[in-house]
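Participant: I am attaching a structure below and will ask some questions about it afterwards.
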Amino acid sequence: MTETTTPTGLQPPSQRLVVAVDGPSGSGKSSVSRAIARRLGAAYLDTGAMYRAVAWHCRDQGVLDDPDAVVAAVQDMDVVLSVDPDHERVVVGTEDITEAIREPGISAVVSVVATNRAVRELLVARQRAEIDAHRKIVAEGRDITTVVAPDADARILLTASAEARTARRAAQLGGTVEAKDLAEQVSGRDAKDSTVVDFMSPSDGVGLVDSTELDFEATIEAMLAEITRQQSNRTTKQTTNPEGDRA
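The opening position of the sequence shown corresponds to residue 1 in full-length UniProt numbering, with each subsequent residue numbered one higher.
In structure tokens:
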């Protein structure tokens, strides 16, 4: 295993650490969360890739238009996601779909499964199991701080202006997507997914990092500082009230 250095103020390597990150499309949460996982020597869970894998599978099965059939397909679905921040791999059954789930066609239909509440319940259970299986993990998505891991050691909403998010997604795609399709991928999907979960404003206890004016490295540093702050607050509360509040 590669040796890692624990940033000042963070929990030592021997302790459990769960970092939950949410944010809208194009906020940089995937690339930033992956980088943070590397620095912390932690596993990395991309829950968005899980929803994309479900969308690919349901499209492949021809059931996207039938909500009940989508749920049934998810129940029987064999999906494996790599949690190595240096190695992205998504497999359904025996088929490697790592590249396929990033295609525009999947981006266009992923909200069909992401807004299906029964599907979300099934995937939340899988995501919690994945988190519980690792001593240190950074999990990112849209409902991690509020639904999947509300008791995480650090919970952060990473955001940016709509203009910044659209520009970043355009750069990521290398100009291969037309402006109207790009807007649909960013703002359109956010609008659809926000009908089932709020990922645009932080809930109580969730830290906010706005990366609109920050470059990649500065965003990572801001996130690490917020993780340190939250851990420090948790440690202080545990020290001053070790038995917890009693009603």
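Cβ coordinates follow ideal geometry from the N, Cα and C atoms, glycine included.
Which of the three DSSP states is assigned to Gly141 in this structure?
Facilitator: In the structure shown, Gly141 sits in a strand (DSSP, three-state: E or B).
Participant: Which class does His153 belong to by DSSP, given the choice of helix, strand or coil?
Facilitator: Position check: residue 153 holds Asp in this sequence, whereas His was assumed. Here Asp153 sits in coil by DSSP.
Participant: Quick one: is Leu208 buried, meaning 16 or more other Cβ sit within 10 Å of its Cβ, or exposed?
Facilitator: Leu208 comes out exposed.
Participant: Just to confirm my understanding: we take Gly26, look at its own chain, exclude 5 residues before and 5 after, and list those with CB closer than 6 Å. What are they?
Facilitator: Result list for Gly26: Arg165, Arg168, Arg169 and Val186, in chain order.
Participant: Could you give the uninterrupted runs of the beta strand (DSSP E) lying entirely in the region 199-235, keeping only those of 3 residues or more?
Facilitator: Those beta strand (DSSP E) runs which fall completely within the region 199-235 and span 3+ residues are 207-210.
Participant: Can you grab the Cα-Cα spacing for the pair Pro202 / Ile156, in whole Å?
Facilitator: Computed Cα separation, rounded: 8 Å.
Participant: What is the DSSP secondary structure of residue 249, reduced to helix, strand or coil?
Facilitator: Past the edges of the chain, shown from 1 to 247, lies residue 249, and the structure says nothing about it.
Participant: Would you grab the beta carbon distance between Val138 and Tyr51 for me? Rounded to a whole angstrom, and I think it's under 8 Å.
Facilitator: Contact flag wrong, Cβ pair sits at about 18 Å.
Participant: Which residues does DSSP list as the beta-bridge partners of Thr159?
Facilitator: In DSSP, Thr159 forms a bridge with Asp210.
Participant: With distances taken from CA atoms, which of Trp56, Ala225, Arg117 and Val109 is nearest Val71?
Facilitator: Residue Arg117 is the option with its Cα nearest to Val71.
Participant: Find the nearest neighbour of Pro150 within the set Gln127, Ser161 and Ala160, judged by alpha-carbon distance.
Facilitator: Among Gln127, Ser161 and Ala160, the Cα nearest to that of Pro150 belongs to Gln127.
Participant: Here's the rule: buried if 16 or more other CB atoms are within 10 angstroms of the residue's CB, otherwise exposed. What is residue 249?
Facilitator: The chain is shown from 1 up to 247; residue 249 falls before or after that span and cannot be answered.
Participant: Mapping DSSP to helix, strand and coil, what is Glu95?
Facilitator: Correct three-state label for Glu95: strand.
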